[in-house]
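Below: one structure, written as structure tokens.
Residue numbers (the working numbering): 209 to 665.
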């Protein structure tokens, strides 16, 4: 196995030839030192199939030395993993996806908070866990949002759960970053531009679907409709014959077949920008971003070869990816720490008892003040009065910090309402009709309620 120190040393020296010549121009140093020569020999031994001769001279070193060397190294590591270990189909697929072009570009981003190029240590660790196949969720834990399937340990369901409130978070984040890149490059573009031809009227849907980004005068004076789509390459594992990079290419072909004809008929150009969760970009996306990069180089005096457009977009893909997973992690935490609240409870006031309780459990969001809003409708008098009494009692007990008494009172009143221990005349004297108010949350779940159970914090 090749030493990572050797690879880093050779890649750093070969990548910075011009800078070294400028700094050491007056020192009289010419040629390569012995340390660099020894490192090349060890690298050649570890990578026998790779031609290392170009790195021996600064005039013949490739322009993207670090990228070329990294591709050879990762390919060698992937081959050795398959020989040394018995990898599962998913592990082989992830290794192949990590070797795809542009999959590692997000690592080269310079942290700039003003451009959104920053992430917390927790986000960075979550990204590495997803890419290194480290479990993110407990096995067989049900999804707290859709409750239809169980979460897989590696987070594949988390990045594609359609029931999430921010399901399009990754799509919108990448769109906003791309639009910002175009504007900074001096390219006229509009986000969510309304057009009237992207949806076929025969489909029975509204034809007012906007284009993700409309680039004005992009090709021959025609406007370009840029449509973003993100896919997971691991979806193909369900079928036999997984091929790396196939998911993004297939999504690109589907978008072209669906929208290109309509755009051409309306004197527009259609550009699908398809990417996968590991950062791989389809062919049309690479061509589009390469042209954007050339426009930036022609307008700004920056060193060529620094594909910050690709790195910034790759960073947005990874940050949007982990943003959706964070929502599921938060839902799991809230479901276990804040308790559950019953919504839509119906009370039979004519029978003077709580005979029917509709048990719909919804997780409460964590707040600084442990308060939740309960909205009731219809025959709600008994439960409204009970919750009102709980709130008033809680406000009085808060001054004395008597949390123990508050829990006991909370338990006794709810038990009284559910089991029908109270009478209508008891609550009729102070009946208060309100549509909503705040009540303290004490972590009681009616799914596990029993008269012999005790209230836990």
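Note that CB positions come from ideal geometry on N, CA and C, so glycine has one too.
Over the uninterrupted alpha helix (DSSP H) stretch that includes residue i, give me the two end residues.
i: residue 391; result: 377-392
i: residue 422; result: Premise fails: residue 422 lies in the beta strand (DSSP E), 418-427, not in any alpha helix (DSSP H).
i: residue 297; result: 297-306
i: residue 498; result: 491-507
i: residue 310; result: Here residue 310 belongs to no alpha helix (DSSP H), and DSSP marks it neither H nor E.
i: residue 245; result: 242-254
i: residue 222; result: 212-223
i: residue 372; result: Residue 372 -> no alpha helix (DSSP H), and no H or E assigned at all.
i: residue 333; result: 329-339
Apart from the five residues just before and just after residue i, which ones in its own chain have a Cβ nearer than 6 Å to its Cβ?
i: residue 390; result: 397
i: residue 643; result: Below a pLDDT of 50, predicted positions are generally treated as unreliable, and residue 643, at 33, falls in that range; no measurement from the model is reported.
i: residue 453; result: 308 and 488
i: residue 250; result: 214
i: residue 400; result: 418
i: residue 216; result: none
i: residue 383; result: 420 and 436
i: residue 406; result: 417 and 467
i: residue 424; result: 396 and 431
For a test of the three-state rule: what should DSSP assign to residue i, helix, strand or coil?
i: residue 662; result: Confidence in residue 662 is poor, its pLDDT being 38 and thus under 50, which makes the residue's placement unreliable; the coordinate value appears in the next sentence. Coil.
i: residue 274; result: helix
i: residue 441; result: helix
i: residue 358; result: strand
i: residue 399; result: strand
i: residue 367; result: coil
i: residue 475; result: coil
i: residue 430; result: strand
i: residue 481; result: strand
i: residue 320; result: strand
i: residue 436; result: strand
Among the candidates the options, whose CA atom is the shortest distance from the CA of residue i?
i: residue 499; options: 322, 487 and 516; result: 516
i: residue 258; options: 247, 284 and 271; result: 284
i: residue 484; options: 525, 301 and 345; result: 525
i: residue 297; options: 441, 474, 518 and 597; result: 441
i: residue 327; options: 528, 362 and 597; result: 528
i: residue 492; options: 317, 469 and 480; result: 480
i: residue 430; options: 371, 418 and 471; result: 471
i: residue 386; options: 521, 221, 223 and 598; result: 521
i: residue 463; options: 221, 450 and 434; result: 434
i: residue 254; options: 281, 245 and 378; result: 281
i: residue 468; options: 496, 432 and 294; result: 432
i: residue 325; options: 518, 245 and 443; result: 518
i: residue 221; options: 252, 274 and 268; result: 274
i: residue 354; options: 478, 365, 268 and 344; result: 365
i: residue 497; options: 426, 276, 598 and 465; result: 426
i: residue 286; options: 277, 270 and 304; result: 304
i: residue 346; options: 393, 335 and 361; result: 361
i: residue 320; options: 367, 523 and 474; result: 523
i: residue 315; options: 335, 322 and 323; result: 335
i: residue 267; options: 212, 475 and 223; result: 223
For residue i, which residues from the same chain have a beta carbon less than 7 Å from its beta carbon, with the 5 sequence-adjacent residues on both sides left out?
i: residue 279; result: none
i: residue 379; result: 436 and 438
i: residue 544; result: Below a pLDDT of 50, predicted positions are generally treated as unreliable, and residue 544, at 41, falls in that range; the measurement from the model is reported next regardless. Excluding positions up to five away in sequence, the list is empty.
i: residue 243; result: none
i: residue 276; result: 270
i: residue 393; result: 500, 503, 504 and 507
i: residue 299; result: 341
Round the Cβ separation of residue i and residue j to the nearest angstrom and send it over; I've been treating them as touching at under 8 Å.
i: residue 487; j: residue 311; result: 5 Å
i: residue 503; j: residue 421; result: That belief does not hold up - the Cβ atoms of residue 503 and residue 421 are roughly 15 Å apart, past 8 Å.
i: residue 439; j: residue 419; result: 19 Å between Cβ atoms; not a contact.
i: residue 352; j: residue 358; result: Their Cβ separation, rounded to whole angstroms, is 11 Å, which puts residue 352 and residue 358 out of contact at 8 Å.
i: residue 344; j: residue 363; result: 4 Å
Ordered along the chain, which non-local residues of its own chain (more than five positions away) have a Cβ less than 8 Å from that of residue i?
i: residue 248; result: 218, 260, 263 and 264
i: residue 339; result: 302, 306 and 486
i: residue 459; result: 437, 439, 480, 482 and 490
Would you say residue i touches the ligand COA, meaning its beta carbon is less than 7 Å from a heavy atom?
i: residue 385; result: Inclusion of the ligand COA in the displayed structure is not the case, the ligand content being empty and no account of it being possible.
Let me see if you follow: with CB-CB separation under 8 Å, is residue i close to chain C or not?
i: residue 520; result: As a matter of chain content, chain C is missing from the structure shown, which is built from one protein chain.
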